[in-house]
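Comments concern the structure below.
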């Protein structure tokens, strides 16, 4: 393994998730030129070893100059330690140092929160043309990333941009975090499913197509709502529009704080397209303070899908080589 | 007027408010070594001229190397133009260029939002020892400033950190901005007065001392509530505690987004001290997502009062000389 200056500064991105570890060699243009993955093993030591093995395997044929690791968890602001990762066996785990040692200290290793890494990929290579960006990832929860004047907002202890836990309804719906009224309790794919399931259970007028899909497939899931909407089903389109309005409502508060040029919407639900985005724009216009006295941010779909974590982690690692913290 | 390198890089800070323009020569240690003010004249040209005259007068005896101007309004991200200032006669006004010309282009001039300038003074000279700071100024409204990793968060169009317009109660109290449920509709000095006035009007049990003070002084104001609290009046103390809890509740959402090391509380109400701060801390602990899994931010009173705008504007202007945008 060697520092590959003649390889146009390629870097390795690793995305450690609850079920798999995916890694890729990313060139300076933000392209994944080689990719590999393994199931996530149990235990921090095993995860470190699997991560290092993936790196060694990829770097054997593609020299890289740095390794970036994206993890779904709270990452220390020095990007060395995963303080808390609910779905992985990490508690105050110095992952960067461990993997660095397993790689014989041959190259720099940094760790980054996975949502931050994905947001950075959109900012650096997504073609959104902005200096200030808000990314919202609408999935099981609502994740996000904030880029302020070209820099990722990490926060004092690395816990910044937890946008899903903005509390938008006082004493509102229960959230998985233990609080009430959080943005993600209203604007996530989980909330969309909840509303669809309720409509099917209540035999709501117009929900016949959703009911059919639910019965044929052992219960209603978000993908059934997306499918019905794609078929033009008015009820499903209405659910997506309502979800969009909630996303826009929460985004209004975030725009007041962050003032982004662009809002990038990612996650599975974003692929439903126009009906969702119309709702987001309407919700944001309705709820944004001083909307008539300021530029209105662009709202665009994410450019990258599941590979964003790999891309962003690699890019952040490359940047760390150029400008050590 | 000359560039004063031998004066330890003093700079001029100007704070343009609705009633007066205050200016000061600020040394590199953040001390105001000379100060002057004039009433705010009517009209953009007259304000520019009065600002330049103040600068010329102060710089005649104290050489300075840059001028920073703080304005209560929306400032463009290049820090040249006031796009919108509700209380001053500025609409898309290129104030920095105008004042620079009136000073014969002898020195750099930058303009900054007044809350950002005040927040920067707290960050740079307030002694709070943090890299990431949230400032909340509790006055007629709720203003604020955010410093992320040592840099002021300005936003893409200069409208960042409008923290008072985070919407914390869906369909809640009307806000002066035209929206409903904004943080400042619950956590401002105006909200405190509203609750006090309601208690007096409703002859609420325990509000006797507030009623006396209101009758003696032509109506209840925030200062009466502060006075009664200082005397130990339980009802007034309760109002401050409730206000604090609302401040803490809104701060919880901001902490989820910004993740500051320290929360600096400024504005007139902050001087009421312990009862308010106890409420803030309780509200924040109750509503902060994952409070048990992260460092808890310190909550401290602001170091500077009304002079913070002058101090911060001067410091930002000095920094702009060192690192031009």
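Residue numbers (full-length UniProt numbering), protein chains in the order written: chain X, 1 to 325; chain G, 1 to 325. No residue lacks a Cβ here, since even glycine has one placed at the ideal position from N, Cα and C. What you are looking at is a predicted structure, and each value in this text was computed from that prediction instead of being measured.
Residue 195/X: member of the alpha helix (DSSP H) spanning 189-201, first to last residue. Within chain G, the residues 289 have their CB atoms less than 8 Å from the CB of residue 182/X, given in chain order. Non-local beta-carbon contacts of residue 249/G in its own chain, meaning distances under 6 Å to residues more than five positions away in sequence, involve 283, 287 in chain order. In terms of CA proximity to residue 11/X, 61/X leads the group 61/X, 38/X, 277/X.
Scanning 257/X, 143/X, 28/X for the CA closest to the CA of residue 264/X turns up 143/X. Taken through DSSP and simplified to helix, strand or coil, residue 116/X comes out as helix. With respect to residue 262/X, residue 300/X sits close: the two C-beta atoms are nearer than 8 Å. When the alpha-carbon of residue 243/X is set against those of 77/X, 52/X, 185/X, 290/X, the nearest one is in 185/X. Residue pairing by DSSP leaves residue 215/X without any beta bridge partner.
Here residue 22/X is buried: its Cβ has 16 or more other Cβ atoms, across all protein chains shown, within 10 Å.
With respect to chain G, the C-beta atom of residue 253/X has a partner C-beta closer than 8 Å. Judged by their CB atoms, residue 161/G and residue 145/G are nearer to each other than the 8 Å cut-off.
Contact with chain X is found for residue 161/G, since one of that chain's Cβ atoms lies less than 8 Å from the residue's Cβ.
Looking at the DSSP output, residue 265/G shares a beta bridge with 136/G, 301/G. Interface with chain G (8 Å Cβ-Cβ cutoff): residue 130/X is included. By the Cβ criterion, the stretch 40-51 of chain G is in contact with the stretch 88-104 of chain G, since at least three pairs of Cβ atoms, one from each stretch, lie closer than 8 Å.
In the DSSP assignment, residue 35/X falls within the unbroken beta strand (DSSP E) covering 32-39. Chain G places no beta carbon closer than 8 Å to that of residue 75/X, leaving this residue out of the contacts.
In the DSSP annotation of this structure, the continuous segment of the alpha helix (DSSP H) that includes residue 287/X starts and ends at 274-287.
The Cβ atoms of residue 222/G and residue 254/G lie no closer than 8 Å to each other. Residues of chain X whose Cβ lies closer than 8 Å to the Cβ of residue 304/G do not exist, since the nearest Cβ in that chain is about 21 Å away. Under the Cβ distance rule, residue 55/G does not count among the residues neighbouring chain X, no pair being separated by less than 8 Å.
When the alpha-carbon of residue 234/X is set against those of 247/X, 210/X, 304/X, the nearest one is in 210/X.
Taking 8 Å as the upper bound for CB-CB distance, residue 66/X and residue 320/X are in contact here, some 7 Å apart. Here residue 113/G is buried: its Cβ has 16 or more other Cβ atoms, across all protein chains shown, within 10 Å.
At a cut-off of 8 Å between C-beta atoms, residue 156/X counts as an interface residue with respect to chain G.
The beta carbon of residue 241/X sits no closer than 8 Å to any beta carbon of chain G. Chain G has a Cβ within less than 8 Å of the Cβ of residue 153/X.
The Cβ neighbour count for residue 77/X, taken over all protein chains shown within 10 Å, is at least 16; the residue is labelled buried.
At a C-beta separation below 7 Å, residue 168/X has these neighbours in chain G: 167, 170. At least one beta carbon of chain X lies nearer than 8 Å to the beta carbon of residue 261/G. Annotation: the stretch 68-111 of chain X contains the following complete segments of the alpha helix (DSSP H) (minimum length 4 residues), in chain order: 95-102. Remark: C-beta atoms of residue 297/G and residue 241/G do not approach each other more closely than 8 Å. Taking each of 201/G, 110/G, 50/G, 294/G in turn and checking the Cα distance to residue 317/G, the smallest one comes out for 110/G. Close to residue 285/X, with beta-carbon spacing below 8 Å, lies no residue of chain G; the smallest spacing is near 12 Å. The three-state secondary structure of residue 225/X, taken from DSSP, is helix.
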